[in-house]
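Notes to accompany the following structure.
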Amino acid sequence: FKAMVVPPRASQRLKTVRRRVVDDKVTGKRLEFEEKTINGWEDSWDNATRSGFDWEMEKLRRRLEELVPSTMFGPRYWRFLMEENPESEYRQYAGSTYPGSKPGQLDAFRILFNNLLQFVLGNESEDGAVVAAWDWRSALDEHGLGKFAYSILTGDLQTIVGGPLFLLLTKYHRELGPVFKLAFGPRSFIVVADPAVAKHLLRDGSKNYDKGILSEILQPILGNGLIPADPDVWKRRRRVIAPGFHRAWLDQTLSLFDDCAADLIGDLAGRASLDPGDLLPKTPAAWKAWKHQNPPPGVVDMEERFCSVSLDIIGKAVFDYDFGSSNSESPLVRAVYRCLYEAERRTTAFVPFWLLPGAQFLIPSQRDFNRDLRLLNAKLDELVRRALEADDDDDDDDERISLLDFLVTMRGEDVSTTQLRDDLMTMLVAGHETTAALLTWVLYELFHPSGRSSHHLKRLREELDAVVGARAMTYADILDCKFARLCLAEGLRLYPQPPLLIRRALDDDQLPTTTDRPVRLARGADVFLSTWSLHKSPDLWDNPETFDPSRFEKKKQGRDGWAGYDPDSIPATSLYPNEQTADFAFLPFGAGSRRCLGDQFAILESTVMLARLITTFDFEFAVDPKATLEPKTGLGGLPVADVGMRTGATIHTENGLWMTVHHRTPPLPLP
Ligand code: HEM
Numbered sequence: 004f005k006a007m008v009v010p011p012r013a014s015q016r017l018k019t020v021r022r023r024v025v026d027d028k029v030t031g032k033r034l035e036f037e038e039k040t041i042n043g044w045e046d047s048w049d050n051a052t053r054s055g056f057d058w059e060m061e062k063l064r065r066r067l068e069e070l071v072p073s074t075m076f077g078p079r080y081w082r083f084l085m086e087e088n089p090e091s092e093y094r095q096y097a098g099s100t101y102p103g104s105k106p107g108q109l110d111a112f113r114i115l116f117n118n119l120l121q122f123v124l125g126n127e128s129e130d131g132a133v134v135a136a137w138d139w140r141s142a143l144d145e146h147g148l149g150k151f152a153y154s155i156l157t158g159d160l161q162t163i164v165g166g167p168l169f170l171l172l173t174k175y176h177r178e179l180g181p182v183f184k185l186a187f188g189p190r191s192f193i194v195v196a197d198p199a200v201a202k203h204l205l206r207d208g209s210k211n212y213d214k215g216i217l218s219e220i221l222q223p224i225l226g227n228g229l230i231p232a233d234p235d236v237w238k239r240r241r242r243v244i245a246p247g248f249h250r251a252w253l254d255q256t257l258s259l260f261d262d263c264a265a266d267l268i269g270d271l272a273g274r275a276s277l278d279p280g281d282l283l284p285k286t287p288a289a290w291k292a293w294k295h296q297n298p299p300p301g302v303v304d305m306e307e308r309f310c311s312v313s314l315d316i317i318g319k320a321v322f323d324y325d326f327g328s329s330n331s332e333s334p335l336v337r338a339v340y341r342c343l344y345e346a347e348r349r350t351t352a353f354v355p356f357w358l359l360p361g362a363q364f365l366i367p368s369q370r371d372f373n374r375d376l377r378l379l380n381a382k383l384d385e386l387v388r389r390a391l392e393a394d395d396d397d398d399d400d401d402e403r404i405s406l407l408d409f410l411v412t413m414r415g416e417d418v419s420t421t422q423l424r425d426d427l428m429t430m431l432v433a434g435h436e437t438t439a440a441l442l443t444w445v446l447y448e449l450f451h452p453s454g455r456s457s458h459h460l461k462r463l464r465e466e467l468d469a470v471v472g473a474r475a476m477t478y479a480d481i482l483d484c485k486f487a488r489l490c491l492a493e494g495l496r497l498y499p500q501p502p503l504l505i506r507r508a509l510d511d512d513q514l515p516t517t518t519d520r521p522v523r524l525a526r527g528a529d530v531f532l533s534t535w536s537l538h539k540s541p542d543l544w545d546n547p548e549t550f551d552p553s554r555f556e557k558k559k560q561g562r563d564g565w566a567g568y569d570p571d572s573i574p575a576t577s578l579y580p581n582e583q584t585a586d587f588a589f590l591p592f593g594a595g596s597r598r599c600l601g602d603q604f605a606i607l608e609s610t611v612m613l614a615r616l617i618t619t620f621d622f623e624f625a626v627d628p629k630a631t632l633e634p635k636t637g638l639g640g641l642p643v644a645d646v647g648m649r650t651g652a653t654i655h656t657e658n659g660l661w662m663t664v665h666h667r668t669p670p671l672p673l674p
């Protein structure tokens, strides 16, 4: 039998390996794993309840856990294939139950099985988390089977849940506390919104997590780029890419930001003198029509403008390519948008519809997506090729250095053009809509028609007028414009981009205790760190729903397990109050080893853009000035923006941020 299934060369190798493996350190680790598992069993089941049906089921579960790994793909099976010193446990034992490796089907089965025992037979949950069971029956009644199934298949979670996912999570957070299990049928996600747990997931215990479903979803688009990269690839690439964001390069990009801001100002100036007359609607809900037909004169969708300008910036800074999206919409720009849209749709999909057999031929959106991706990849390949050729050409004396030029110069022998392309695509996705969304929401808050932020706007203008006036901003100016940077930080607190961080446990783990219910994660468990709920937690922030940049200037007392917020602890090198200053209650750019690489880039870009716009123009919502906007609430009675909110990788408005633009009066004095 063995001769039939194991080819002779492999069989020879197996024999050698088996001999070696008897007392090697990997076997030692396996034994330690088994012992730990058995001890874990002892701990996790109360002696008093070891009887009856539940206990029989628990025994069955244990038996399965004991048997399945040894007979199928568990550690004992993989022992045959082990190298003495595996280069990477994560990959080498991927799909087995080996702790630290990429979780596979058996781990998923264990979680599903446990959920079934819990939800069908009423057993105690293995993880110990309180459960938020999504009420799918009501959703089914409300939408009908057809729409329900269609939304599930196409990833339109928002329709059937009744609002953006982050609101649903915040509703449960308020009802159930900072750690709970969200169950969609037998599938489950552990949702957390607590600073101590965030610190554990992102920093102290971060080696025990990978990006889980996020990687699976983004891999077809971003390949082995940093965001979805598995821990092995990530380690190699981060080391190479991070130095690319050095100070000299960031200084150089400042002039690029200013050039692009000047283009935007020119475009808006052309509309500033136009009068929409009495064509403005009573509420932003009417803006929907403007997506498909011409808006009144002088009205502009600032969300769309910010998207265009940030795409142009990232194209020029990262791979020295001018998308020219601020002025025209080329097929390439459309391809970028559609790919981003698809990436977002996949992140919220219940069912991986794109993996269905033949999906890429049969589902029109998937056909279009694959065509767009080919177009985009071909362009990026061309840019990589050009950069490689320019690198070989010693005479190339172009003074602008893109991130791609840097990566090409620093490349080791082993880096492939595909890897470089994945890196570029990742920067494009990570650095484009995030910054655009930040600017959109800060503008929304500063010019809200209720006037609720007019005192912040006044202070911001005073600071900008005093420090920069109408000239181009330098790095030193940006350091001096502290309030402007706090406005951006507050924008990221109220509208974190993305509103959810995703992880998957590589080994069983105990989360720091935040309530009287300790929560254990099974290997393979999916975790959502809801930054939206964390940033708006009334336990951590005063008036959490209010846009108040000055909150970051005041000390906030901590509580048990949370050190509070201290403005004096903002590091001199940081352009914003980072995760350390708020002891992980504020995660504007993530934290730990996988924190954002483009944080400085994003803050510099946004400060320049905001300063230029605020000092030149006044903005007003494109609604009838006589109309009053009623405060809007969404899922669970939680406040939502009047312009609606849609979620994907970032938070979008429902139909755009349509505004009228006016030259500022009195105009900014020229230098
Ligand atoms: C306001 C703008 C931005 C925000 C709010 C933001 C936010 C974030 C967050 C929260 C993460 C961590 C994700 C996680 O832990 O799962 C992240 C990662 C990342 N961001 Fe950003 N980002 C922004 C702009 C940028 C820009 C401009 C770039 C590049 C030019 C960039 C490149 C990256 C990369 C490469 C990663 C992955 C890092 C890694 O895994 O090692 N981001 N970003």
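Here my numbering is used: the first residue of the sequence shown is 4, the next is one more, and so on.
From the three backbone atoms N, C-alpha and C, an ideal C-beta is built for every residue, glycine too.
All figures in this text were calculated on a predicted structure; none of them were measured in a lab.
message: Using the three-state DSSP reduction, which class does I404 fall into: helix, strand or coil?
response: Here DSSP, grouped into helix, strand and coil, assigns I404 to coil.
message: With a threshold of 7 angstroms (Cβ to nearest heavy atom), would M305 be considered close to ligand 1?
response: It does not: the Cβ of M305 is nowhere closer than 7 angstroms to a heavy atom of ligand 1.
task: In the DSSP assignment, find the beta strand (DSSP E) that holds D621 and state where it starts and stops.
output: Judged by DSSP secondary structure, D621 falls within the beta strand (DSSP E) whose first and last residues are 620-624.
query: G601 and F248 look like a contact to me (Cβ under 8 angstroms); what is the Cβ gap, rounded to whole Å?
result: Rounded, the Cβ-Cβ distance is 7 angstroms, consistent with contact.
message: Rounded to the nearest angstrom, what separates W137 and D159 at their Cα positions?
response: Those two C-alpha atoms are separated by around 15 angstroms.
query: Cβ-heavy atom distance between L467 and ligand 1 below 7 angstroms?
result: No - ligand 1 has no heavy atom lying nearer than 7 angstroms to the Cβ of L467.
- prompt: Between D621 and the rest of its own chain, which residues show a CB-CB distance below 6 angstroms, the 5 nearest in sequence each way excluded?
  reply: Beyond the five residues adjoining it in sequence on each side, D621 comes within less than 6 angstroms, by CB distance, of H665, R667 in the same chain, given in chain order.
message: Once DSSP output is grouped into helix, strand and coil, what is the label at K559?
response: DSSP, read as helix, strand or coil, puts K559 in strand.
query: Three or more beta-carbon pairs under 8 angstroms between the region 522-529 and the region 472-481, yes or no?
result: By the Cβ criterion, the region 522-529 is not in contact with the region 472-481, since fewer than three pairs of Cβ atoms, one from each stretch, lie closer than 8 angstroms.
task: Compare the C-alpha of R377 against each of L482, E466, T663, I224 and name the closest.
output: Closest option to R377, Cα to Cα, is I224.
- prompt: So which of A362, Y447, P502 has the shortest CA-CA distance to A644?
  reply: Closest option to A644, judged by alpha-carbon separation, among A362, Y447, P502: Y447.
- prompt: How is A381 classed by DSSP in three states: helix, strand or coil?
  reply: DSSP places A381 in helix when its eight states are reduced to three.
- prompt: Quick one: is T1 buried, meaning 16 or more other Cβ sit within 10 Å of its Cβ, or exposed?
  reply: Since the first and last residues shown for the chain are 4 and 674, residue 1 lies out of range.
task: Look up Q369 in the DSSP assignment and say whether it is helix, strand or coil.
output: Correct three-state label for Q369: helix.
- request: Confirm the yes/no value for this check: CB of W252, any heavy atom of ligand 1, distance under 7 angstroms.
  value: No, the beta carbon of W252 sits no closer than 7 angstroms to any heavy atom of ligand 1.
field: Alpha-carbon to alpha-carbon, K559 and H295
entry: Those two C-alpha atoms are separated by around 47 angstroms.
- prompt: What residue does the beta strand (DSSP E) around A201 start on, and which one ends it?
  reply: Element bounds for A201: not the beta strand (DSSP E) but the alpha helix (DSSP H), 198-202.
- request: Give the DSSP-derived three-state secondary structure of L282 in the structure shown.
  value: In this structure, L282 counts as coil in the three-state DSSP scheme.
query: By Cβ distance below 6 angstroms, which residues in the same chain neighbour L514 in space, the five residues on each side in sequence not counted?
result: Excluding positions up to five away in sequence, the list reads V200, V522.
field: Distance, T549 Cα to G454 Cα
entry: Taking the straight line joining both Cα atoms gives about 13 angstroms.
CA-to-CA distance, P628 to K285, given in whole angstroms: In this structure, the CA atom of K285 is about 8 angstroms from the CA atom of P628.
field: Those residues which DSSP pairs with W357 across a bridge
entry: DSSP lists no partner for W357.
message: Quick check: the Cα distance between T636 and A362, rounded to an integer number of angstroms?
response: Rounded to whole angstroms, the separation of the alpha carbons of A362 and T636 is 38 angstroms.
query: Which residues share a DSSP beta bridge with R507?
result: Answer by DSSP bridge pairing, in chain order: D213, D529.
task: Say yes only if the C-beta of C263 is nearer than 7 angstroms to one or more non-hydrogen atoms of ligand 3, and no if none qualify.
output: Because ligand 3 does not appear in the structure shown, any question about it cannot be addressed here, the ligands present being ligand 1.
- prompt: Per DSSP, what kind of secondary structure is G640 in: helix, strand or coil?
  reply: DSSP places G640 in helix when its eight states are reduced to three.
task: Just mark H459 as buried or exposed, buried being the case when its beta carbon has 16 or more other beta carbons within 10 Å.
output: Classification for H459: buried.
task: Taking 8 angstroms as the threshold, find out whether the region 564-575 comes into contact with the region 208-219 through three or more Cβ pairs.
output: At 8 angstroms Cβ cutoff, the stretches do not touch.
- request: Please report the Cβ distance between R341 and D375, rounded to the nearest whole angstrom; I am assuming they are in contact, meaning their Cβ atoms lie under 8 angstroms.
  value: With a contact defined as Cβ atoms closer than 8 angstroms, R341 and D375 qualify at about 5 angstroms.
message: Buried or exposed, going by whether 16 or more other CB atoms sit within 10 Å of the CB of E556?
response: Exposed.
query: The alpha helix (DSSP H) spanning S536 covers which residue range?
result: Per DSSP, S536 belongs to the alpha helix (DSSP H) from 534-538.
query: From F372 to L497, what does the alpha carbon distance come to, in whole angstroms?
result: Cα to Cα, F372 sits roughly 32 angstroms from L497.
query: Counting along the chain, where does the beta strand (DSSP E) carrying T663 start and finish?
result: For T663, the enclosing beta strand (DSSP E) has its first and last residue at 661-666.
- prompt: Once you ignore the five residues that flank S368 on each side, which residues in its own chain have a CB closer than 7 angstroms to its CB?
  reply: Result list for S368: empty, nothing under 7 angstroms.
query: Comparing the CB of F192 with every heavy atom of ligand 1, is any distance shorter than 7 angstroms?
result: The answer is no for F192.
message: Report the start-end ranges of each alpha helix (DSSP H) in the region 224-298 that is 4 residues or longer and not cut off at the edges.
response: Listed in chain order, the complete alpha helix (DSSP H) runs (minimum 4 residues) inside the region 224-298 are 234-244, 250-275.
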